[in-house]
Amino acid sequence: MYNSKITGLGYYVPDNVVSNDDLSKLMETNDAWIQERTGIKERRHVVKGDGDTTTTMGVKAAKIAIERAGIDKDDIDFIVFATLSPDYYFPGPGVLVQRDLGIKTVGALDVRNQCSGFIYGISVADQYIKSGMYKNVLVIGSELHSHGLDMSTRGRGVSVIFGDGAGAAILSREEDTTKGILSTHLHSEGQHAEELSLIAPGMGKRWVTDIMEDNDPNDESYFPYMNGQFVFKNAVVRFSEVIMEGLNQNELTPDDINLLVPHQANLRISQFIQRKFGLEDSQVFNNIMKYGNTTAASIPIALTEAWESGKVNSGDLVVLAAFGSGFTWGSAIIKW
Ligand code: UT7
């Protein structure tokens, strides 16, 4: 039995910065509302034609993570790719990463757990490493939201929140089982699946052929929908529960946390959790102000920035937690 540890981290965001004022030129919104309700000041949007896709951003982040892990692409035994915004309906981006990075014909798994996708991804990777099956697993979270959002006033409750970007981690075998990923906890509650969802096109309620037949310019079924207040209320409860679940499992308490890196859903959610666990500002890493909510990419981007700024050191207890569409939620307790 082994543990897995994060040996390399990387992120990539597109250059194009979109401020709240930029959005207010497209829809009825304003900087004060967005900052007050979400904490977001700006986000990144891919510019059409620049060549960035969910996969290419993931590849850029992965290259940095691989280099920092001090391994070669040929050392990667498995790929896990978490996204809700894949390049293609199928195949998923995992195989595109295998191709674009020129990795051997290792397995490539696509994870569909939205904001919790990265935690689900590292949980899968961790199990493969713990069992001894693999030594190095590449886990990517990447999203290209901007070209799938309703940028009119109708969509403002969703479209001001989300941004584009990618983060990646290499998980490697660790023989010292007191170090690395101590535990992960995953949950779902499909009862609320439609409260944060993109229904069409799909093979359930709105088929591609339905959309084509209707040819309705006011069709909003292919834009994401979010019941914001309901999601918010569930998020604060589930974030708290799943962090405590992880701490309890390891006989730890909130006092043991050196750094909490929450999924960047809303600054108010992070602040609520911070207060609940009695953490100082320096113990919670937030960058939603710069990037908005990048869904599966938000934790690996934030963790990379935290690591780059010297906030993650050997021996630290680092807690990751996420909640989002599904509903799904999860946590990871890591001894760095
Ligand atoms: O990452 C996955 C998990 N996601 C989350 O956890 C997100 C959870 N939810 C939220 O973060 C918040 O609910 C939002 C930021 C989405 C919305 O904030 P809110 O405080 O819940 O606002 P609201 O939806 O209740 O809307 C309040 C008002 C409404 O107007 P009326 O009905 O009071 O006249 C909205 O129409 O704000 C209006 N509004 C806006 N106004 C300006 C909604 N979006 C905007 C906007 N700009 N962009």
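Take the sequence shown: its letters are residues 31 to 366, numbered as in my numbering. All C-beta atoms in this analysis are idealised placements derived from N, C-alpha and C, irrespective of residue type, glycine included.
- With a cut-off of 7 Å, the C-beta of Met181 is classified as distant from the ligand UT7, since no heavy atom of the ligand falls inside that distance.
- A contact between stretches requires three or more CB pairs, one per stretch, nearer than 8 Å, and the segment 129-141 fails this requirement with the segment 226-243.
- Per DSSP, reduced to three states, the secondary structure at Met57 is coil, with no helix or strand assignment.
- For the pair Val169 and Pro330, the Cα-to-Cα distance works out to about 9 Å.
- In the three-state DSSP reduction, Pro231 falls in the coil class, being neither helix nor strand.
- Per the DSSP secondary-structure output, Asp140 pairs in a beta bridge with Phe111.
- One alpha carbon belongs to Gly354, the other to Leu282, and they sit about 25 Å apart.
- With a 10 Å radius around the Cβ and a threshold of 16 neighbouring Cβ atoms, Met256 comes out buried.
- Around the beta-carbon of Gly360, 16 or more other beta-carbon atoms lie within 10 Å, marking it buried.
- Scanning Pro123, Gly210, Phe192 for the CA closest to the CA of Ile152 turns up Gly210.
- For Asn296, the CB falls within less than 7 Å of some heavy atom of the ligand UT7.
- Taking a contact to require three or more Cβ pairs closer than 8 Å, the segment 284-302 and the segment 44-64 do not qualify as touching.
- Scanning Ala92, Lys263, Asn46 for the CA closest to the CA of Gly38 turns up Ala92.
- Per DSSP, the beta-bridge partners of Lys365 are Gly210, Leu347.
- As summarised for the segment 130-208, the continuous beta strand (DSSP E) elements at least 3 residues long and confined to that stretch are 137-141, 166-173, 195-204, given in chain order.
- Contact check between the segment 139-148 and the segment 32-51: fewer than three CB pairs, one atom from each, fall below 8 Å, which does not count as touching.
- Around the Cβ of Phe269, a 10 Å sphere holds 16 or more other Cβ atoms; the residue is buried.
- The nearest non-hydrogen atom of the ligand UT7 is 7 Å or more from the C-beta of Trp359.
- Within the segment 41-91, the complete beta strand (DSSP E) segments of 3 residues or longer fall at 47-49, 72-74, listed in chain order.
- Annotation for Asn248 indicates a beta carbon at 7 Å or more from all heavy atoms of the ligand UT7.
- Distance from Phe262 to Ile299 at the Cβ level is roughly 7 Å; contact confirmed, criterion being Cβ atoms closer than 8 Å.
- Per the DSSP secondary-structure output, Tyr255 pairs in a beta bridge with Ser227.
- Our two residues, Ile64 and Pro247, have alpha carbons roughly 27 Å apart in a direct line.
- As the crow flies, the alpha-carbon of Gly137 is around 12 Å from that of Leu126.
- Beta-carbon to beta-carbon, Ala95 and Ala223 are separated by about 32 Å, too far to satisfy the 8 Å threshold.
- The beta carbon of Met181 sits closer than 6 Å to those of Leu56, Ser189, all from its chain and outside the five residues before and after it, given in chain order.
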